[in-house]
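**Q** Residue numbers (our numbering): 258 to 615.
Here a beta-carbon is modelled for each residue, glycine too, at the ideal position from N, C-alpha and C.
Provided herewith is a single structure, encoded as structure tokens, for subsequent inquiry.
The following block contains the structure:
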């Protein structure tokens, strides 16, 4: 009886061990990810941005000499090329011109006298009345007198030019957009007296966010309209885009050259610029799919054959709300992971979330 009980007990223990050994360690479950299947679309989108009207040319005007300011035009004056914008006292320069002119007259007299003397000595040499050395000396005196005349004439030309610098003239048609000094002040060479701005050649200037610079904008046509009068519309072309963003605003300065003469558009007026970007094939993907590889932008692509993720570099054209528009790196039918990408890694085996199958 005892032996039978021992046998039963041993059998039960063996069955327990067998049951324990049959238990297997559960497999590690794959991470479930949300995905979207992408499809390209051709877009030619319109963007709008507010800006201001500014002169294409702004020239700080200054004198080339020191002097007492005796005249300047008023701020806001419309001027033509060649008009006198400001003037410094002419007296010192006029005195220099008179002195230089007198030097020229004296030099001319010296040349005339030396010429007569040289001619007479040549006549006397023919009669053996003077020596050849005297003739040579008179010729040398004539050449010296002519040289002095040239120097005096150059000094006169310089003095006259300096006198002309006492008048500050407009180099082009425009409007005076700022003044820095008043009549009665002593000004110095190079000191800004006023600012001459073009009033017929105007730019519409915009500060554009980086994400709107989706393509090369040079020579792009822009439609510009006044905010205060939307019916007043003109065309223009992008002529300049700053190469770097403003450190404070992180925007790029874009200047649009307005076509022809624009009437009724005051400088400083607020405007709206609209541009239609050239159509291109792009992929619209949730912005949450964005990750990075070093300094490059990337997304994770799901491979159905291996059920793994592969990081792929992409080129993002721009962002809009919660989406990004990718122009390079994707193909139609690609399955892109759209959530939790910061926790994913290249080659990771995953499953597709039931509520997010492609």
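For residue 539, which beta-bridge partners are listed by DSSP?
**A** As a first step, residue 539 must be located in the chain shown, where it is residue number 282. BP columns for residue 539 point to 298.
**Q** When you compare only the Cα positions, how much space is there between residue 487 and residue 480?
**A** Here the question's residue 487 lines up with position 230 in the chain shown. Here the question's residue 480 lines up with position 223 in the chain shown. Those two C-alpha atoms are separated by around 11 Å.
**Q** Between which two residues does the alpha helix (DSSP H) holding residue 352 run?
**A** Taking the first residue of the chain shown as 1, we reach residue 352 at position 95. Taken as a continuous stretch (DSSP letters only), the alpha helix (DSSP H) holding residue 352 covers 348–383.
**Q** Look at the alpha carbon of residue 601 and the alpha carbon of residue 467, and state the distance between them as a whole number of angstroms.
**A** Locating residue 601 in the chain shown gives position 344, where the first residue counts as 1. Locating residue 467 in the chain shown gives position 210, where the first residue counts as 1. Whole-angstrom Cα-Cα distance: 28 Å.
**Q** Which partner residues does residue 324 have in the DSSP bridge list?
**A** Translated into the one-based positions of the chain shown, residue 324 becomes position 67. 444, per the DSSP bridge assignment.
**Q** By how many angstroms is the C-alpha of residue 341 removed from the C-alpha of residue 425?
**A** Within the chain shown, residue 425 is the residue found at index 168, counting from 1. Within the chain shown, residue 341 is the residue found at index 84, counting from 1. Between residue 425 and residue 341, the alpha-carbon positions lie close to 6 Å from each other.
**Q** From residue 343 to residue 415, what distance separates their C-alpha atoms?
**A** For the purposes of this step, residue 343 is taken as residue 86 along the chain shown, with counting starting at 1. For the purposes of this step, residue 415 is taken as residue 158 along the chain shown, with counting starting at 1. C-alpha separation (whole angstroms): 21 Å.
**Q** So the candidates are 361, 450, 439 and 593; which of them puts its Cα closest to the Cα of residue 319?
**A** In the chain shown, counting from the first residue as 1, residue 319 sits at position 62. Minimum Cα distance to residue 319 is reached at 450.
**Q** Less than 6 Å between C-beta atoms, sequence neighbours within five positions excluded: which residues of the same chain meet that for residue 317?
**A** Along the chain shown, one-based indexing puts residue 317 at 60. Within the same chain, residue 317 has close Cβ partners 449 and 452.
**Q** Quick one: any contact between the stretch 502–522 and the stretch 558–571, if contact means 3 or more CB pairs under 8 Å?
**A** no
**Q** Residue range of the alpha helix (DSSP H) that residue 389 falls in?
**A** By 1-based counting over the chain shown, the position of residue 389 is 132. Counting along the chain, the alpha helix (DSSP H) containing residue 389 begins and ends at 389–421.
**Q** Under the assumption that residue 387 contacts residue 378 (Cβ atoms under 8 Å), give the Cβ distance between them as a whole number of angstroms.
**A** Here residue 387 refers to the residue found at position 130 when the chain shown is read from its first residue. Here residue 378 refers to the residue found at position 121 when the chain shown is read from its first residue. Contact holds; Cβ gap of about 5 Å.
**Q** Take the Cβ of residue 463 as the centre, count every other Cβ of all protein chains shown within 10 Å, and call the residue buried at 16 or more, exposed below.
**A** Your numbering for residue 463 matches position 206 in the chain shown. Residue burial annotation: residue 463 is buried, with at least 16 other C-beta atoms found within 10 angstroms of its C-beta.
**Q** Residue range of the beta strand (DSSP E) that residue 564 falls in?
**A** The sequence position of residue 564 within the chain shown is 307, counting from 1. Residue 564 -> no beta strand (DSSP E), and no H or E assigned at all.
**Q** Within 10 angstroms of its Cβ, does residue 587 collect 16 or more other Cβ (buried), or is it exposed?
**A** Position 330 of the chain shown, counted from the first residue, corresponds to residue 587. Flag for residue 587 reads buried.
**Q** Determine, using beta-carbon pairs with one atom in the stretch 352–368 and one in the stretch 404–415, whether at least three such pairs fall under 8 Å.
**A** yes
**Q** So, at 8 Å on beta carbons, what are the nonlocal neighbours of residue 353 in its own chain, with the 5 sequence-adjacent residues on each side left out?
**A** Translated into the one-based positions of the chain shown, residue 353 becomes position 96. Excluding positions up to five away in sequence, the list reads 416, 419 and 420.
**Q** Whose C-beta lies closer than 8 Å to the C-beta of residue 336 among residues of the same chain, with five residues either side of it excluded?
**A** Numbered from its first residue, the chain shown carries residue 336 at position 79. Cβ within range, chain order: 330, 342, 427, 430, 431, 432, 433 and 453.
**Q** What three-state label does DSSP hand residue 544 in the structure shown?
**A** The residue you call residue 544 lines up with position 287 of the chain shown. Note: residue 544 maps to helix in three-state DSSP.
**Q** Check each candidate in 567, 498, 338 and 599 and name the one with the smallest Cα separation from residue 456.
**A** In the chain shown, counting from the first residue as 1, residue 456 sits at position 199. It is 338 whose Cα lies nearest to the Cα of residue 456.
**Q** Contact check, residue 566 vs residue 604 under 8 Å by CB: the rounded distance?
**A** Translated into positions along the chain shown, residue 566 becomes position 309. Translated into positions along the chain shown, residue 604 becomes position 347. About 7 Å; that satisfies the 8 Å criterion.
**Q** Label residue 485 either buried or exposed according to how many other C-beta atoms from any shown protein chain fall within 10 Å of its C-beta, with 16 as the threshold for buried.
**A** For the purposes of this step, residue 485 is identified with residue 228 of the chain shown, where counting begins at 1. When all chains shown are included, residue 485 counts as exposed.
**Q** Please specify which runs of the beta strand (DSSP E), each continuous and at least 3 residues long, are wholly inside the stretch 569–599, giving them in chain order.
**A** The stretch 569–599 contains these whole beta strand (DSSP E) runs: 572–577, 580–585 and 592–594.
**Q** Exposed or buried, what is residue 310 when buried is set at 16 or more other beta-carbons lying within 10 Å of its beta-carbon?
**A** Translated into positions along the chain shown, residue 310 becomes position 53. Per the 10 Å Cβ criterion, buried.
**Q** Whole angstroms is fine: what's the gap from residue 530's alpha carbon to residue 577's?
**A** As a first step, residue 530 must be located in the chain shown, where it is residue number 273. As a first step, residue 577 must be located in the chain shown, where it is residue number 320. So the two alpha carbons sit approximately 19 Å from each other.
**Q** Going by beta-carbon coordinates alone, are residue 609 and residue 292 separated by less than 8 Å?
**A** As a first step, residue 609 is located in the chain shown; it is residue number 352 there, counting from the start. As a first step, residue 292 is located in the chain shown; it is residue number 35 there, counting from the start. Contact: yes.
**Q** Measure how close the beta-carbons of residue 358 and residue 399 come, nearest whole angstrom, since I'm counting them as under 8 Å.
**A** By one-based count along the chain shown, residue 358 stands at place 101. By one-based count along the chain shown, residue 399 stands at place 142. Actually they do not touch by this definition, with Cβ atoms about 23 Å apart.
**Q** Considering only residues of the same chain and omitting the five flanking positions on each side of residue 597, which have a CB-CB separation below 6 Å?
**A** Translated into the one-based positions of the chain shown, residue 597 becomes position 340. Nothing meets the Cβ criterion.
**Q** Between the Cα of residue 300 and the Cα atoms of 575, 507, 347 and 349, which residue gives the shortest distance?
**A** Locating residue 300 in the chain shown gives position 43, counting from the first residue. The option with the nearest alpha carbon to residue 300 is 575.
**Q** Grab me the residues of residue 437's own chain with a C-beta within less than 7 Å of its C-beta, minus the 5 sequence neighbours each way, in chain order.
**A** Residue 437 sits at position 180 when you count from the first residue of the chain shown. 449, 450 and 451, listed in sequence order.
**Q** Residue 515 to residue 509, Cα distance in whole Å?
**A** Stepping through the chain shown from its first residue, residue 515 is reached at position 258. Stepping through the chain shown from its first residue, residue 509 is reached at position 252. Each residue's alpha carbon lies about 19 Å from the other.
**Q** Excluding the five sequence neighbours on either side, which residues of its own chain have a C-beta within less than 6 Å of the C-beta of residue 410, listed in chain order?
**A** Against the chain shown, residue 410 aligns to sequence position 153. Excluding residues within five positions, the ones whose Cβ falls inside 6 Å are 361.
**Q** Helix, strand or coil: which one does DSSP assign to residue 469?
**A** On the chain shown, position 212 is the one that residue 469 refers to. Residue 469: helix per DSSP, three-state reduction.
**Q** Candidates 541, 595, 599 and 298: which alpha carbon is nearest residue 573's?
**A** Against the chain shown, residue 573 aligns to sequence position 316. Distances from the alpha-carbon of residue 573 to those of 541, 595, 599 and 298 put 541 closest.
**Q** Answer with buried or exposed for residue 582, where buried requires no fewer than 16 other C-beta atoms within 10 angstroms of its C-beta.
**A** Position 325 of the chain shown, counted from the start, is the residue given in the question as residue 582. Classification of residue 582: buried, given that the 10 Å Cβ count is 16 or more.
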